[in-house]
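For reference, the structure is listed below as structure tokens.
In the working numbering, the protein residues as written are 84 to 588.
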């Protein structure tokens, strides 16, 4: 037994020796294919390596990813921290109780004094855009601030003047008085490509001069609450305090302003959004001259072209912006744009989603002329529209004050009833003064497919597809043999198209 154990121990060094030999880095004879693969891999590495001495790029690749040391050294001086303060408001000493209330008098008797709220503060980031002291940041960082402090990279603090802000694009322009400032270089966000490296510098959670990096995840991203900005989406870590800071490309040029994150927890979750710098600079130019921004408007309400609406209007695919309403005396009205038109292009750019149109229009000023490609009744025409400032929305229309099921004329309504609708002409005496619309029919009740589509009591049907409705007889005629229609509805002064489909019954 002992002898066997000794022999096993002698075998261990031999086994280890063989293992080491098999794992050694001694060269082996390579086949022709292996050599080709090795050469191709080396060539690919040489192609993708960014030359450190190349002045057009300040990021150089190393094992594990790009190195942004040179970039940060070059651009860091242009980044600033921003602190905004709102004046404290006096809190009611009696906690909201009426001053004449006996309980309030009791508080005063015992010497309860008015309490002062502590100043509320907001912090963010920004960057210098000109050597004479203009600074860009987000509007939400400095909105309603009574005191704004800008701190530069060398810890110098300056009182900043708010030149102006634009909440629609979330851009604010500040001014500080100082010499020797270093302005950031402005790049072209149009040249950005998805997958390209980008760098953010800011002060998340007050930690100044924090550098984070990532890639461009998408371009032209539309967010529900932002009508005028085609955001750059990245996976760069952005947290509270980064707002208003610059997004750099690898050349050290600002291509965006870090603005928002997508988060369910309040912290970074891998999705962040930046405002393209070309849009921000156009806003800054207006703020510098006027102190405010005037966005051009067509004077229309639009909605998405759904697959159902596309089929109703004879489109091969759901795209474009469907015009639901045209404001009187607006540029669109004067140019002949009508409800039911579908805008396919603006300034030569295809409108894929309805939200693409406000971005193009919003980048222009009132008085500018915009070229539109418009589809109407199967024909495409080019229309030039002079942009205006738009109209204020009208007050909401009251609900109908009429018997829900009055005695209706059943003649020439069989097609209307097929869609689950009961309607009255807008000029019917029983609803006099209750309907703002000058033409169309009022929905008294909606059932079946009409109710399922979202049509409700009080809606006014103005059009069927592109055909104007003046009375119930016309509506009944237009619905004959129809299986799917797009109805233009006026609801409380807002107009929209709703599709009703009988095919699914």
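We treat Cβ as the ideally placed atom computed from N, Cα and C, and that holds for glycine.
Source: prediction; values computed, not measured.
Through-space distance from residue j to residue i, alpha-carbon basis
i: residue 130; j: residue 149; result: Reliability of the predicted coordinates at residue 130 is poor, the pLDDT of 38 falling under 50, and no value is obtained from them.
i: residue 521; j: residue 460; result: 24 Å
i: residue 320; j: residue 271; result: 22 Å
i: residue 440; j: residue 434; result: 6 Å
i: residue 332; j: residue 449; result: 32 Å
i: residue 514; j: residue 539; result: 16 Å
i: residue 336; j: residue 570; result: 49 Å
i: residue 424; j: residue 457; result: 6 Å
i: residue 526; j: residue 560; result: 17 Å
i: residue 236; j: residue 214; result: 15 Å
i: residue 224; j: residue 379; result: 25 Å
i: residue 134; j: residue 274; result: Here residue 134 scores only 46 on pLDDT, less than 50, and its place in the model is too uncertain to base an answer on.
i: residue 280; j: residue 397; result: 43 Å
i: residue 562; j: residue 391; result: 16 Å
i: residue 467; j: residue 410; result: 17 Å
i: residue 573; j: residue 528; result: 15 Å
i: residue 257; j: residue 230; result: 12 Å
i: residue 220; j: residue 362; result: 13 Å
i: residue 373; j: residue 555; result: 52 Å
i: residue 369; j: residue 253; result: 14 Å
i: residue 316; j: residue 283; result: 13 Å
i: residue 393; j: residue 399; result: 7 Å
i: residue 152; j: residue 329; result: 17 Å
i: residue 262; j: residue 389; result: 56 Å
i: residue 278; j: residue 537; result: 41 Å
i: residue 212; j: residue 535; result: 53 Å
i: residue 465; j: residue 402; result: 17 Å
i: residue 438; j: residue 360; result: 20 Å
i: residue 247; j: residue 318; result: 30 Å
Proximity test, residue i beta-carbon vs the ligand HEM heavy atom, cut-off 7 Å
i: residue 379; result: Of ligands this structure carries none, so the ligand HEM is not represented either.
Residues bridged to residue i (per DSSP)
i: residue 166; result: 206, 232
i: residue 242; result: 232
i: residue 508; result: 524
i: residue 320; result: Answer is none; residue 320 lacks a bridge partner.
i: residue 217; result: 258
i: residue 433; result: 428
i: residue 285; result: 293
i: residue 314; result: 304
i: residue 569; result: 582
i: residue 550; result: 547
i: residue 459; result: 462
i: residue 502; result: Paired residue(s): none; residue 502 is not in a bridge.
Residue i versus the options, residue with shortest Cα-Cα distance
i: residue 420; options: 433, 430, 574, 405; result: 405
i: residue 469; options: 383, 156, 530; result: 383
i: residue 287; options: 326, 269, 257, 511; result: 326
i: residue 289; options: 163, 399, 299; result: 163
i: residue 338; options: 375, 298, 370; result: 298
i: residue 547; options: 558, 537, 541; result: 558
i: residue 251; options: 368, 399, 442; result: 442
i: residue 300; options: 356, 536, 312; result: 356
i: residue 340; options: 155, 412, 218; result: 218
i: residue 472; options: 462, 447, 465; result: 447
i: residue 354; options: 463, 302, 248, 418; result: 302
i: residue 444; options: 426, 381, 385; result: 381
i: residue 343; options: 376, 222, 428; result: 222
i: residue 541; options: 249, 248, 324, 507; result: 507
i: residue 158; options: 247, 239, 238, 292; result: 292
i: residue 311; options: 296, 358, 324; result: 358
i: residue 608; options: 226, 239, 238; result: This structure does not reach residue 608, given that the chain is present from 84 up to 588, and the question cannot be answered.
i: residue 519; options: 564, 530, 565, 578; result: 578
Same chain only: Cβ atoms within 6 Å of residue i, ignoring 5 sequence neighbours per side
i: residue 259; result: 216, 233, 241, 243
i: residue 523; result: 509, 543, 544, 545, 552
i: residue 549; result: 423, 460
i: residue 265; result: 160, 161
i: residue 294; result: 155, 284
i: residue 376; result: 249, 366, 369
i: residue 505; result: 527, 528
Same chain, Cβ closer than 7 Å to residue i, five either side skipped, listed in chain order
i: residue 436; result: 305, 387
i: residue 364; result: 269
i: residue 650; result: No information on residue 650 is available, as it lies outside the stretch 84 to 588 that the chain covers here.
i: residue 499; result: 506, 555, 558, 559, 562
Sequence-distant residues of its chain with Cβ nearer than 8 Å to residue i (five each side left out)
i: residue 228; result: 167, 168, 169, 205, 245
i: residue 432; result: 439, 443
Cβ-Cβ separation, residue j to residue i (assumed contact under 8 Å), whole Å
i: residue 416; j: residue 580; result: Wrong, their Cβ atoms sit about 18 Å apart, outside the cutoff.
i: residue 165; j: residue 208; result: 6 Å
i: residue 267; j: residue 210; result: 5 Å
i: residue 454; j: residue 430; result: 6 Å
i: residue 567; j: residue 395; result: 6 Å
i: residue 427; j: residue 463; result: 7 Å
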